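Residues in the sequence shown are numbered from 24 upward in steps of one, following my numbering.
For every residue, glycine included, the Cβ atom is placed at its ideal position computed from N, Cα and C.
This one's a predicted model, so the numbers in the text were calculated from it and none came from an experiment.
I have placed the structure first, in the form of structure tokens, so that the comments after it can refer back to it.
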Amino acid sequence: DSTIWSLYLRETEKEDKELANSLQVGIDELLIFAGLFGGILTAFLIESRKDLQVDPLQEILNTLQNQFAATTSPSFEVSKSSLVINYLWFGSLGLTLFSALCAVLAREWLAKYIPVSPGSRSSDACQRLLRVKRAQQWRLESVVTGIPLLIQLALFLFSAGLVLFTWNNSVALGVLMLFLTGCGIALYILGTLCPLFSPACPFQTTMSR
24 DSTIWSLYLR ETEKEDKELA NSLQVGIDEL LIFAGLFGGI LTAFLIESRK DLQVDPLQEI
84 LNTLQNQFAA TTSPSFEVSK SSLVINYLWF GSLGLTLFSA LCAVLAREWL AKYIPVSPGS
144 RSSDACQRLL RVKRAQQWRL ESVVTGIPLL IQLALFLFSA GLVLFTWNNS VALGVLMLFL
204 TGCGIALYIL GTLCPLFSPA CPFQTTMSR
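Here it is, written out as structure tokens:
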């Protein structure tokens, strides 16, 4: 009996490791991308935050001018476009950090999914079957493969904010960014819808799986 269970556990271990490794690769790539994207996004946020507060140097200059001219300058007001841009970019940064947290948790879930030793007894086979059933019941694979949706949404928010940011500085540059963003969205929608009409289509996204 132990030989049968040992053979069964060795064969099923290959399937479990194949599933875990395929999910692990996507998680590792997401963590790398989230780190790089978070760094780029932070640089843009440092620049955009300046539009939300008064420039101390400019405030001193305005005060001196008011004293000499005996007038009062209008109070500082944040433009609506600056608010929208910062909402989009801070929301993007929050989603990026949340996706990184989910990716770290997913690595722990996958580490627990594969035991250190497959075992060789009937009790080990029962534990393996129970582990697989629980993973299916709680949709472990769907949850892990759904994590990239967070970083994709964060990228979309960043792109929308970038279009507004460039539009305020140069309409031509804003139109270019809008065109590139539209092409990216169209490509994503195409990759999502194509597998619905042709299941053999190799071009898929997280939502089409």
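- Following the DSSP letters along the chain, one finds Trp-132 inside the alpha helix (DSSP H) bounded by residues 103-136.
- In the three-state scheme derived from DSSP, where H, G and I count as helix and E and B as strand, Thr-229 is classed as coil.
- One thing to note: Ile-137 has its Cβ no nearer than 7 Å to the Cβ of Lys-37.
- In the three-state reduction of the DSSP assignment, Cys-206 falls in the helix class.
- Going by beta carbons, Ile-50 and Arg-154 fall outside the 7 Å limit.
- The C-alpha of Leu-173 is placed about 6 Å away from the C-alpha of Ser-122.
- Exclusion of the five residues before and after Gly-214 leaves Phe-226, Gln-227, Thr-228, Ser-231 as the residues of its chain whose Cβ lies within less than 8 Å of its Cβ.
- By the Cβ-count criterion, Trp-28 is buried, with 16 or more other Cβ atoms from all chains shown falling within 10 Å of its own Cβ.
- DSSP places Cys-224 outside both helix and strand once states are collapsed to three, so it counts as coil.
- Distance from the CA atom of Leu-185 to the CA atom of Leu-210, rounded to whole angstroms, is 19 Å.
- Here Ser-104 is near Asn-191, since their CB atoms are less than 7 Å apart.
- For Leu-133, the closest C-alpha among the options Ser-145, Ala-158, Val-107, Leu-116 is that of Ala-158.
- In summary, Ile-108 is buried, with 16 or more beta-carbon neighbours lying within 10 Å of its beta-carbon over all protein chains present.
- In the displayed model, Ser-193 falls within coil according to three-state DSSP, outside both helix and strand.
- Within the same chain, Cβ atoms closer than 8 Å to the Cβ of Leu-196 are found at Thr-189, Trp-190, the five residues on either side in sequence being excluded.
- Relative to the Cα of Ser-45, the nearest Cα in the group Lys-135, Glu-164, Leu-216 belongs to Glu-164.
- Exposure of Trp-161 is indicated by the presence of fewer than 16 other C-beta atoms within 10 angstroms of its C-beta.
- Non-local beta-carbon contacts of Glu-100 in its own chain, meaning distances under 7 Å to residues more than five positions away in sequence, are absent.
- Its Cα nearest to that of Ala-43, the residue Val-167 stands out among Ser-115, Asp-147, Val-167.
- Around the beta carbon of Cys-125, 16 or more other beta carbons sit within 10 angstroms, so the residue counts as buried.
- Taking C-beta atoms as the reference points, Leu-53 and Gly-114 fail to come closer than 7 Å.
- For Ile-50, the secondary structure class from DSSP, reduced to helix, strand or coil, is helix.
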